[in-house]
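**Student:**
2 protein chains.
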Amino acid sequence: MVNQFKPSRAGLLDETDRVLLEKRRKVLGDLYPLFYDHPVHIVRAEGSRIYDAQGREYLDVYNNVPSVGHANRRVAEAVFAQMTTMNTHTRYLQDGIVQYSQRFLGTFPGHLDHVIYTNSGSEANDLGIRIAQGAARRTGVIVTRNAYHGTTQLMSGLSPENGSKMPLSPFVRLVDPPDAYRLGAENAAAAFAAEVERAIWDLKRYGMGTAALLIDSIMSTDGIFTDPAGLLDPAFRAVREAGGFVIADEVQPGMGRTGEHMWGFQRHTAEVDMVTGGKPLANGMPMGCLVLGSHLSNAFASENRYFNTFGGNPATIAAADAVLSEIEDRDLVANAARVGGQLLDGLRALAQKFPVIGDVRGAGLFVGVEIVADSVTKEPDGELAHLLVNSLREEGVLISAVGPWGQVLKVRPPLVFTDTDAAAFLRVFEDVLQSVSE
Amino acid sequence: MVNQFKPSRAGLLDETDRVLLEKRRKVLGDLYPLFYDHPVHIVRAEGSRIYDAQGREYLDVYNNVPSVGHANRRVAEAVFAQMTTMNTHTRYLQDGIVQYSQRFLGTFPGHLDHVIYTNSGSEANDLGIRIAQGAARRTGVIVTRNAYHGTTQLMSGLSPENGSKMPLSPFVRLVDPPDAYRLGAENAAAAFAAEVERAIWDLKRYGMGTAALLIDSIMSTDGIFTDPAGLLDPAFRAVREAGGFVIADEVQPGMGRTGEHMWGFQRHTAEVDMVTGGKPLANGMPMGCLVLGSHLSNAFASENRYFNTFGGNPATIAAADAVLSEIEDRDLVANAARVGGQLLDGLRALAQKFPVIGDVRGAGLFVGVEIVADSVTKEPDGELAHLLVNSLREEGVLISAVGPWGQVLKVRPPLVFTDTDAAAFLRVFEDVLQSVSE
Numbered sequence: 003m004v005n006q007f008k009p010s011r012a013g014l015l016d017e018t019d020r021v022l023l024e025k026r027r028k029v030l031g032d033l034y035p036l037f038y039d040h041p042v043h044i045v046r047a048e049g050s051r052i053y054d055a056q057g058r059e060y061l062d063v064y065n066n067v068p069s070v071g072h073a074n075r076r077v078a079e080a081v082f083a084q085m086t087t088m089n090t091h092t093r094y095l096q097d098g099i100v101q102y103s104q105r106f107l108g109t110f111p112g113h114l115d116h117v118i119y120t121n122s123g124s125e126a127n128d129l130g131i132r133i134a135q136g137a138a139r140r141t142g143v144i145v146t147r148n149a150y151h152g153t154t155q156l157m158s159g160l161s162p163e164n165g166s167k168m169p170l171s172p173f174v175r176l177v178d179p180p181d182a183y184r185l186g187a188e189n190a191a192a193a194f195a196a197e198v199e200r201a202i203w204d205l206k207r208y209g210m211g212t213a214a215l216l217i218d219s220i221m222s223t224d225g226i227f228t229d230p231a232g233l234l235d236p237a238f239r240a241v242r243e244a245g246g247f248v249i250a251d252e253v254q255p256g257m258g259r260t261g262e263h264m265w266g267f268q269r270h271t272a273e274v275d276m277v278t279g280g281k282p283l284a285n286g287m288p289m290g291c292l293v294l295g296s297h298l299s300n301a302f303a304s305e306n307r308y309f310n311t312f313g314g315n316p317a318t319i320a321a322a323d324a325v326l327s328e329i330e331d332r333d334l335v336a337n338a339a340r341v342g343g344q345l346l347d348g349l350r351a352l353a354q355k356f357p358v359i360g361d362v363r364g365a366g367l368f369v370g371v372e373i374v375a376d377s378v379t380k381e382p383d384g385e386l387a388h389l390l391v392n393s394l395r396e397e398g399v400l401i402s403a404v405g406p407w408g409q410v411l412k413v414r415p416p417l418v419f420t421d422t423d424a425a426a427f428l429r430v431f432e433d434v435l436q437s438v439s440e
Numbered sequence: 003m004v005n006q007f008k009p010s011r012a013g014l015l016d017e018t019d020r021v022l023l024e025k026r027r028k029v030l031g032d033l034y035p036l037f038y039d040h041p042v043h044i045v046r047a048e049g050s051r052i053y054d055a056q057g058r059e060y061l062d063v064y065n066n067v068p069s070v071g072h073a074n075r076r077v078a079e080a081v082f083a084q085m086t087t088m089n090t091h092t093r094y095l096q097d098g099i100v101q102y103s104q105r106f107l108g109t110f111p112g113h114l115d116h117v118i119y120t121n122s123g124s125e126a127n128d129l130g131i132r133i134a135q136g137a138a139r140r141t142g143v144i145v146t147r148n149a150y151h152g153t154t155q156l157m158s159g160l161s162p163e164n165g166s167k168m169p170l171s172p173f174v175r176l177v178d179p180p181d182a183y184r185l186g187a188e189n190a191a192a193a194f195a196a197e198v199e200r201a202i203w204d205l206k207r208y209g210m211g212t213a214a215l216l217i218d219s220i221m222s223t224d225g226i227f228t229d230p231a232g233l234l235d236p237a238f239r240a241v242r243e244a245g246g247f248v249i250a251d252e253v254q255p256g257m258g259r260t261g262e263h264m265w266g267f268q269r270h271t272a273e274v275d276m277v278t279g280g281k282p283l284a285n286g287m288p289m290g291c292l293v294l295g296s297h298l299s300n301a302f303a304s305e306n307r308y309f310n311t312f313g314g315n316p317a318t319i320a321a322a323d324a325v326l327s328e329i330e331d332r333d334l335v336a337n338a339a340r341v342g343g344q345l346l347d348g349l350r351a352l353a354q355k356f357p358v359i360g361d362v363r364g365a366g367l368f369v370g371v372e373i374v375a376d377s378v379t380k381e382p383d384g385e386l387a388h389l390l391v392n393s394l395r396e397e398g399v400l401i402s403a404v405g406p407w408g409q410v411l412k413v414r415p416p417l418v419f420t421d422t423d424a425a426a427f428l429r430v431f432e433d434v435l436q437s438v439s440e
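So this is what it looks like as structure tokens:
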């Protein structure tokens, strides 16, 4: 994990936090790292703000799960109303899941006409890969070089971002993401298609064939690559021509975040075979989904049983429905475009002033700021990015970093982020850049 | 699935339900079967009662997710309070998760001192197997012959209950469950240990070795085997002596259901290495957990990254904490023992009267009623069990059936089930038995 607290620094914490940290270590152990050199002890949140135990306010420029705002009352009320009415599994006839599914599927291209509910993006990706491998009668899967797709055993084998200690599965091939900053915008799409074609050839040569390209359409963990629009289309076509399926992992870019469409892949093409969702779907109620064509779903059903106890339960569906209403009523997709544009402009202005900013790229409220040691060689500077993340935290602004060297600042606030929030972020960021440049 | 509506019967439904069914099929498809020959269209529930769209009341003798009662207000209020305060992931310091984890771990034997939160029993089992295989440096896994352990790819390969169309993983060995009804109570434990020892030998012979025995300690899908107490201890010892880990899958028997202890395995032994939980943990909020020794958890952490976005989120933890409070304050473990005892007594009295009841077995509020075609040969009668399930549904009582032939009625009501509820169930069941015997 790029942005991780080192327990050896516990001495820097105040007494209360140190005691809590020690208790936490006893019950949760090493598998539960914390963000930041100086962890944030949070007790309350609202909209785009988080408050710590001392009452200090933080601007949240990172969290995408509370997509329609921390402590969103409409979502909480919908969940409470449903939990006090009825909340059970999907093997009874129920109105809510049918109504929501119709509404939800209405946000997708028409050929994606079935939805399967899970409790996480991991479960959704796991199922998507099984369905692709079954339908293609092949096993090969292509992912980007620093991809992350989830926590199950199957997904861990497809998630190189976890690091070299965790082996990839033998049927996986890695492709370099389309880094337009280094390749040039005009070459990125073709370079990516060539990478994917090489992987297809390789999987064929090893007798596995290509079942799927599983891809986060904004390539979050690879470093956030958004441009040019249409970027992924040639690669997707190559996969489909080879008889494989394109699975867009929309856990990060989905649900209006990119500011133009509801789903990130739509920035590049509509030609995908499956879509998986997770984090922002229900504003923090555990929920994932797999959206696909009915031919794929029903073919899978003819040879498999799949029942997910909590998947599509009424309380989660009520939350998800309220999230869609919030997005529509508050015009949050347009908000993401407008405020995201303001962030891009402001960050690009800062890039003129501070040469450590090598590149600023993004779509809507998902912006990457690449930090470099040298603006000519474009040498990534993960160490400086780490310092910036932690300096911002001290100044009351929460972000994180991604990319193979942790060199790309991840600017990904809740969708309710306002013009004022953006201006506040840019102001603090400029101060922090100034202080590290002195 | 044993208890499944056939879409060809849609003509039997009333107009409203038929229209809803058709809409449901269009968005959810064949992967979403319904219970009962005549599906129940539910709109409201409370305690141990469910209400359909016509206002008809059903006695719920099946659902274990709403363990502290359908529409439990205390749980709903805890979730609402947390959702309107703060609900985010675990990479910030937070008080709730630490307090709950201390309390929750207090319900386990002391050597199980770490907990990892997931969103489902599937995710918990998936992780448990990965940890066992990593720690044992072996791959073999033993499960019971009709086991079901979840929906991920890894779990599907370990879940023979899914049926013969879904292949098992090559590293899996199946063992016959200890069917005391057929083996005799005095032989069941030794027979099961012998089965497990044979599987251990076989896994060794094939060069895989035994990483884990993954077992639902009440063997729900195998047909519910509860007696004699201590039944599983010799098999568990064999696994541990062979260097494997025992993983108790407590998704079904856990959280007080068996009426004596909080966890089903405690009926037989305390000597388990990991425990997984799911369904009843948070009364319907999606939640799973893996409880294990800190040496296993920290060893896994030293070679792996694991982050679960929703796992252990504050709203789910708040629900789980309220569930523990309900169990304690309403003395629901003792209630399970008392009312479960009443069910066992009543069902055994019915068995005297109706020879189709071959066996009645159970612990607390988890009772199996085995239906046989012949009380001497003990030939299972899944068809009659199916008729009984559906007749009960028509009479306003919801149960289901399990076992390799669907021959065991599954009597597993919410833990708030009362003496009066039990008496009502017994009365209706007697009528139904009478009517099918005529």
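Chains as they are written, first to last, in my numbering: chain A, 3 to 440; chain B, 3 to 440.
Glycine residues also receive a C-beta, built at the ideal position from the N, C-alpha and C atoms.
Only a predicted model underlies this, so the values are computations on that prediction, with no experimental measurement involved.
Buried or exposed: where does B/D62 fall if 16 or more other Cβ atoms within 10 Å of its Cβ makes it buried?
**Tutor:** Locating residue 62 of chain B in the second sequence gives position 60, counting from the first residue. By the 10 Å Cβ count, B/D62 comes out buried.
**Student:** Using a Cβ-Cβ cut-off of 7 Å (strictly less than) and excluding sequence neighbours within five positions of B/S158, which residues of its own chain qualify?
**Tutor:** Within the second sequence, numbered from 1, the residue matching residue 158 of chain B stands at position 156. So the qualifying residues of the chain are N164, M168.
**Student:** Using a C-beta cutoff of 8 Å, does B/F312 count as contacting chain A?
**Tutor:** Locating residue 312 of chain B in the second sequence gives position 310, counting from the first residue. It does; some Cβ of chain A falls within 8 Å.
**Student:** Which residues in chain A sit within 8 Å of B/M1, going by Cβ to Cβ distance?
**Tutor:** Nothing in the structure corresponds to residue 1 of chain B, since chain B is present only between 3 and 440.
**Student:** Going straight from the alpha carbon of A/H43 to that of B/L95, what length do you get?
**Tutor:** Numbered from 1 along the first sequence, position 41 holds the residue referred to as residue 43 of chain A. Numbered from 1 along the second sequence, position 93 holds the residue referred to as residue 95 of chain B. Cα to Cα, A/H43 sits roughly 4 Å from B/L95.
**Student:** Taking C-beta to C-beta, are A/P416 and A/H72 nearer than 8 Å?
**Tutor:** The count along the first sequence starts at 1 and reaches residue 416 of chain A at position 414. The count along the first sequence starts at 1 and reaches residue 72 of chain A at position 70. Yes. Within cutoff.
**Student:** Have a look at A/D218 and A/E243 and give me their C-alpha separation to the nearest angstrom.
**Tutor:** By one-based count along the first sequence, residue 218 of chain A stands at place 216. By one-based count along the first sequence, residue 243 of chain A stands at place 241. Distance between the alpha carbons of A/D218 and A/E243 is about 20 Å.
**Student:** Whole angstroms is fine: what's the gap from A/V248's alpha carbon to A/D275's?
**Tutor:** Taking the first sequence and counting its residues from 1, the one referred to as residue 248 of chain A is at position 246. Taking the first sequence and counting its residues from 1, the one referred to as residue 275 of chain A is at position 273. About 5 Å.
**Student:** Does DSSP classify B/P357 as helix, strand or coil?
**Tutor:** Start at 1 with the first residue of the second sequence, and residue 357 of chain B comes out as number 355. In this structure, B/P357 counts as coil in the three-state DSSP scheme.
**Student:** Could you spell out where the beta strand (DSSP E) holding A/F247 opens and where it closes?
**Tutor:** For the purposes of this step, residue 247 of chain A is taken as the residue at position 245 of the first sequence. Element bounds for A/F247: 247 to 251.
**Student:** When DSSP builds the beta bridges, which residues end up paired with B/F368?
**Tutor:** For the purposes of this step, residue 368 of chain B is taken as residue 366 along the second sequence, with counting starting at 1. Partner(s): B/A365.
**Student:** So, helix, strand or coil for B/P382, using DSSP?
**Tutor:** Numbered from its first residue, the second sequence carries residue 382 of chain B at position 380. In the structure shown, B/P382 sits in a strand (DSSP, three-state: E or B).
**Student:** According to DSSP, simplified to helix, strand and coil, what is B/S402?
**Tutor:** Looking up residue 402 of chain B in the second sequence gives position 400. Strand at B/S402.
**Student:** Which residue marks the beginning of the alpha helix (DSSP H) containing A/G2, and which one marks its end?
**Tutor:** With chain A covering 3 to 440 only, the question about residue 2 of chain A has no answer from this structure.
**Student:** Please go through the same chain and pick out, in chain order, the residues whose beta-carbon is closer than 6 Å to the beta-carbon of A/S299, but skip the five residues on each side of it.
**Tutor:** Within the first sequence, the letter at position 297 stands for residue 299 of chain A. Excluding sequence neighbours, A/S299 sits near H116.
**Student:** Just mark B/S122 as buried or exposed, buried being the case when its beta carbon has 16 or more other beta carbons within 10 Å.
**Tutor:** Position 120 of the second sequence, counted from the start, is the residue given in the question as residue 122 of chain B. Label assigned to B/S122: buried.
**Student:** Inspect the CB distances between the segment 393 to 401 of chain A and the segment 29 to 36 of chain A and report whether three or more fall short of 8 Å.
**Tutor:** no
**Student:** Between B/A80, B/G57, B/D39, B/I52, which has its C-alpha nearest B/L326's C-alpha?
**Tutor:** Within the second sequence, residue 326 of chain B is the residue found at index 324, counting from 1. Closest option to B/L326, Cα to Cα, is B/A80.
**Student:** Looking only at its chain, what residues have a beta carbon closer than 7 Å to the beta carbon of A/I401, apart from the 5 residues adjacent to it on each side?
**Tutor:** For the purposes of this step, residue 401 of chain A is taken as the residue at position 399 of the first sequence. Once the five neighbours on either side are set aside, the close Cβ partners of A/I401 are V63, Y64, V391, L394, L411, K412, V413.
**Student:** Which runs of the alpha helix (DSSP H), 4 residues or longer, sit entirely within the segment 15 to 41 of chain B?
**Tutor:** With a minimum length of 4 residues, the continuous alpha helix (DSSP H) runs that stay inside the segment 15 to 41 of chain B are 17 to 30.
**Student:** Would you give the residue range spanned by the beta strand (DSSP E) that B/A213 belongs to?
**Tutor:** In the second sequence, the residue the question calls residue 213 of chain B occupies position 211. 212 to 218 is the extent of the beta strand (DSSP E) around B/A213.
**Student:** What residues in the segment 97 to 118 of chain A have a beta carbon less than 7 Å from any beta carbon of chain B?
**Tutor:** D97, V100, S103, Q104, L107, H116, V117, I118
**Student:** Distance, Cα to Cα, A/I202 vs A/D178?
**Tutor:** In the first sequence, residue 202 of chain A corresponds to position 200, counting from 1. In the first sequence, residue 178 of chain A corresponds to position 176, counting from 1. Each residue's alpha carbon lies about 14 Å from the other.
**Student:** Closer than 8 Å is the cut-off here; do at least three beta carbon pairs connect the segment 231 to 241 of chain B with the segment 179 to 192 of chain B?
**Tutor:** yes
**Student:** So, for A/H91: in the same chain, excluding its five sequence neighbours on each side, which residues have a beta-carbon less than 7 Å away from its beta-carbon?
**Tutor:** Here the question's residue 91 of chain A lines up with position 89 in the first sequence. Excluding sequence neighbours, A/H91 sits near T311, N315.
**Student:** Going by DSSP, which residues form a beta bridge with B/F46?
**Tutor:** Sequence index remark: in the second sequence, residue 46 of chain B carries index 44 (1-based). Per the sequence presented here, residue 46 of chain B reads as Arg, with Phe not at that position. B/R46 pairs with B/Y53.
**Student:** Among B/G245, B/Q344, B/V277, B/A336, which has the Cα closest to the Cα of B/G290?
**Tutor:** Here residue 290 of chain B corresponds to residue number 288 of the second sequence, with the count starting at 1. Looking at the Cα atoms, B/V277 is the closest of the given residues.
**Student:** In this structure, what does DSSP give as the bridge partners for A/T278?
**Tutor:** Position 276 of the first sequence, counted from the start, is the residue given in the question as residue 278 of chain A. Answer is A/D251, A/L292.
**Student:** Determine, using beta carbons only, whether A/K281 comes closer than 8 Å to chain B.
**Tutor:** The residue you call residue 281 of chain A lines up with position 279 of the first sequence. Cβ-Cβ to chain B under 8 Å: yes for A/K281.
**Student:** Identify the continuous beta strand (DSSP E) that holds B/V413 and give its terminal residues.
**Tutor:** In the second sequence, the residue the question calls residue 413 of chain B occupies position 411. Looking at the DSSP string, the run of the beta strand (DSSP E) that includes B/V413 is 410 to 413.
**Student:** Between A/F431 and B/P282, what straight-line distance do the alpha-carbon atoms span, to the nearest angstrom?
**Tutor:** Here residue 431 of chain A refers to the residue found at position 429 when the first sequence is read from its first residue. Here residue 282 of chain B refers to the residue found at position 280 when the second sequence is read from its first residue. Roughly 46 Å between the two C-alpha positions.
**Student:** Under 8 Å between beta-carbons, which chain A residues line up against B/K25? List them in chain order, please.
**Tutor:** Reading the second sequence from its first residue, position 23 is the one you call residue 25 of chain B. Going along chain A in sequence order, the residues near B/K25 (Cβ under 8 Å) are V100, Q104.
**Student:** Starting from the Cα of A/R269, find the closest Cα among A/M221, A/A284, A/N306 and give me that residue.
**Tutor:** Locating residue 269 of chain A in the first sequence gives position 267, where the first residue counts as 1. The alpha carbon of A/R269 has as its nearest neighbour, out of A/M221, A/A284, A/N306, the alpha carbon of A/M221.
**Student:** Against chain A, does B/P255 count as a neighbour if the rule is that its beta carbon must be under 8 Å from one of theirs?
**Tutor:** Looking up residue 255 of chain B in the second sequence gives position 253. Chain A contact via Cβ: absent.
**Student:** Thinking C-alpha only, which one of A/A187, A/Q344, A/R140 is nearest A/V241?
**Tutor:** Position 239 of the first sequence, counted from the start, is the residue given in the question as residue 241 of chain A. Nearest of A/A187, A/Q344, A/R140 to A/V241, Cα basis: A/R140.
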